[in-house]
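Written below as structure tokens is the structure these notes are about.
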Amino acid sequence: MTKWIGQFLAGSSNHIPAGIMAPGTSLLVLLLSASLLMPDSWKHPKRVLHFLVGCGAMFALLRYIVLFDNLDADPFWSTTALHTAASLLFIAIALPLLSFGTHCSVGSAASSPDLRSMRPTLVLIALLWVLGLTVTVASAMWQESSRQKMANANFQNLALANAEEIERAALQSVYGLNGARGVYSASQSVERAEFADYVASRDLATEFPGATGFGVIQVVAAEDLERFLAAERADDAPDFQIQSNGMGDFAMIVQHIYPLEANRSIWGLDVSCDLARATAIQRAIDTGRPSLSSPLQLL
Numbered sequence: 018m019t020k021w022i023g024q025f026l027a028g029s030s031n032h033i034p035a036g037i038m039a040p041g042t043s044l045l046v047l048l049l050s051a052s053l054l055m056p057d058s059w060k061h062p063k064r065v066l067h068f069l070v071g072c073g074a075m076f077a078l079l080r081y082i083v084l085f086d087n088l089d090a091d092p093f094w095s096t097t098a099l100h101t102a103a104s105l106l107f108i109a110i111a112l113p114l115l116s117f118g119t120h121c122s123v124g125s126a127a128s129s130p131d132l133r134s135m136r137p138t139l140v141l142i143a144l145l146w147v148l149g150l151t152v153t154v155a156s157a158m159w160q161e162s163s164r165q166k167m168a169n170a171n172f173q174n175l176a177l178a179n180a181e182e183i184e185r186a187a188l189q190s191v192y193g194l195n196g197a198r199g200v201y202s203a204s205q206s207v208e209r210a211e212f213a214d215y216v217a218s219r220d221l222a223t224e225f226p227g228a229t230g231f232g233v234i235q236v237v238a239a240e241d242l243e244r245f246l247a248a249e250r251a252d253d254a255p256d257f258q259i260q261s262n263g264m265g266d267f268a269m270i271v272q273h274i275y276p277l278e279a280n281r282s283i284w285g286l287d288v289s290c291d292l293a294r295a296t297a298i299q300r301a302i303d304t305g306r307p308s309l310s311s312p313l314q315l316l
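So the sequence shown is residues 18 to 316, counted in our numbering.
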């Protein structure tokens with residue numbers, strides 16, 4: 018029952034679109050309007066309506082104070098309910114106070130007809146104005162703080178989701194590389210055609226989104242380069258060439274890379290001259306685990 022009354026007064030996300038007043042709030046406005054239009058002779062009904070408006074507005078405000086932790090997902094923040102309920106509450110309180118102030122002013126005017134007779138009314142009006150302004154500013158700051166917290170939470174959730182997606186994509190490629198390692202473990206000598214068949218058996222676009230190919234990099238000592246080049250050309254690759262900008266004690270040659278047509282530009286490339294790639298490769302060799310390079314330019 019309490020939940021239904023609260024939804025009626027302040028609205029429900031399933032029925033009240035943003036910027037639309039809840040039916041209960043509208044009813045309170047109508048009750049207040051009716052009381053203001055009543056003749057002064059109908060004092061008792063007016064007081065009853067003022068009391069109902071004040072109680073309804075107070076209930077709506079208290080509902081959200083009690084449920085403060087759940088305000089971020091509540092439609093209350095996207096409607097006029099908060100400010101309307103606060104306004105109704107203060108108006109319901111202000112009307113009897115103003116009536117009392119006016120009565121005091123009229124009584125004082127009979128004995129001292131000057132501006133001092135209006136002092137009670139002016140003081141009440143000033144206090145209510147300051148109180149209403151304070152509540153409005155506090156409400157705006159409260160709402161902005163809530164929205165900022167929600168924005169920060171959404172950002173953190175998106176960042177976490179992106180990080181998890183990047184990790185998932187990287188791990189998928191690792192699964193493919195583990196399969197390639199299995200090919201080498203199951204054979205004493207993996208020929209070029211055998212490795213090409215393994216890559217062709219995988220659907221790269223579906224199984225490993227973002228991966229342009231799978232390859233093997235062979236570490237070759239400088240004195241063994243000629244022997245390595247001859248062996249590769251004899252393995253059904255007569256056009257194999259070593260691409261190197263300089264030669265140190267060893268080279269890291271891209272021995273296999275498939276699909277070949279999409280990656281021909283790096284076939285035979287010596288990546289030992291690229292610090293980012295060479296560091297990641299050496300780390301993988303030393304640890305026996307997958308290694309992530311620093312940012313680099315794709316070739």
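Every residue, glycine too, gets a C-beta built ideally from N, C-alpha and C.
C-alpha gap between residue i and residue j, whole angstroms
i	j	result
residue 298	residue 211	23 Å
residue 267	residue 289	8 Å
residue 204	residue 303	23 Å
residue 301	residue 255	30 Å
residue 296	residue 154	57 Å
residue 305	residue 200	17 Å
residue 248	residue 171	56 Å
residue 188	residue 213	22 Å
residue 182	residue 169	20 Å
residue 164	residue 175	16 Å
Beta-ladder partner(s) of residue i, from DSSP
i	result
residue 167	For residue 167, which the question treats as bridged, DSSP gives no partner whatsoever.
residue 267	238
residue 183	Beta-bridge pairing links residue 183 to no other residue.
residue 274	232
residue 286	260
Own chain residues within Cβ distance below 8 Å of residue i, not counting five before or after
i	result
residue 191	307
residue 262	287, 290
residue 227	186, 190
7 Å Cβ shell around residue i - same chain, five flanking residues per side excluded
i	result
residue 311	293
residue 234	269, 270, 271, 272, 288, 298
residue 236	267, 269
residue 243	none
Residue nearest to residue i in terms of C-alpha spacing, selected from the options
i	options	result
residue 215	193, 267, 266	193
residue 257	272, 234, 152, 161	272
residue 232	176, 169, 280, 163	280
residue 265	247, 240, 189	240
residue 197	218, 163, 144	218
residue 207	195, 140, 252, 309	252
6 Å Cβ shell around residue i - same chain, five flanking residues per side excluded
i	result
residue 159	none
residue 317	Examination of residue 317 is not possible in this model, given that the chain is present from 18 through 316 alone.
residue 238	267
residue 245	237
residue 250	257
residue 143	none
Continuous alpha helix (DSSP H) stretch holding residue i: start and end
i	result
residue 209	209-217
residue 223	221-224
residue 277	277-280
residue 303	292-304
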